[in-house]
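At position 64 of the sequence shown the residue is numbered 64 (the numbering used here), and the sequence of numbers has no breaks. Yeah, the Cβ is synthetic: ideal placement off N, Cα and C, and Gly gets one too. Computed from a predicted model, the values in this text were never measured in an experiment.
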Amino acid sequence: FFAPKGAQQSVASLEKKLLEKRVRELESSLEAVKSEAAEDVKSQLRELKAAEQRNAALQQELVDLHKTVATLRGEVKATLQPSEDKQEFDVELNTMRKAHLQ
Numbered sequence: 001f002f003a004p005k006g007a008q009q010s011v012a013s014l015e016k017k018l019l020e021k022r023v024r025e026l027e028s029s030l031e032a033v034k035s036e037a038a039e040d041v042k043s044q045l046r047e048l049k050a051a052e053q054r055n056a057a058l059q060q061e062l063v064d065l066h067k068t069v070a071t072l073r074g075e076v077k078a079t080l081q082p083s084e085d086k087q088e089f090d091v092e093l094n095t096m097r098k099a100h101l102q
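This is the structure:
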């Protein structure tokens, strides 16, 4: 099909305008996708920082619990083992009993 030169130029100009419009649409779409991806990354970073803070708090709580358990174990051990004062008291009490019985 043979078209006059002026018609060919009009078609070429129209095609160029349509392609430029499509490029602008694609660029706009790309910017929207970039912006959405950036917001997603920021949101994930905030979630990660919050999770790291919760993790640090839980680790500190675990350390505190271990210290509490160690303290309680020491207290229980001290309570279960007779102290020197108690042993001296028992010796004196037994001595008094023996003296009283004699």
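Reduced DSSP secondary structure (H/G/I, E/B, other) of residue i
i: Q106; result: Examination of residue 106 is not possible in this model, given that the chain is present from 1 through 102 alone.
i: Q81; result: coil
i: Q44; result: helix
i: Q87; result: helix
i: Q102; result: coil
Cα-Cα separation, residue i to residue j
i: S29; j: S13; result: 24 Å
i: E39; j: R46; result: 11 Å
i: K77; j: Q60; result: 26 Å
i: V11; j: A51; result: 59 Å
i: K5; j: K21; result: 24 Å
i: K17; j: R24; result: 11 Å
i: R54; j: S35; result: 29 Å
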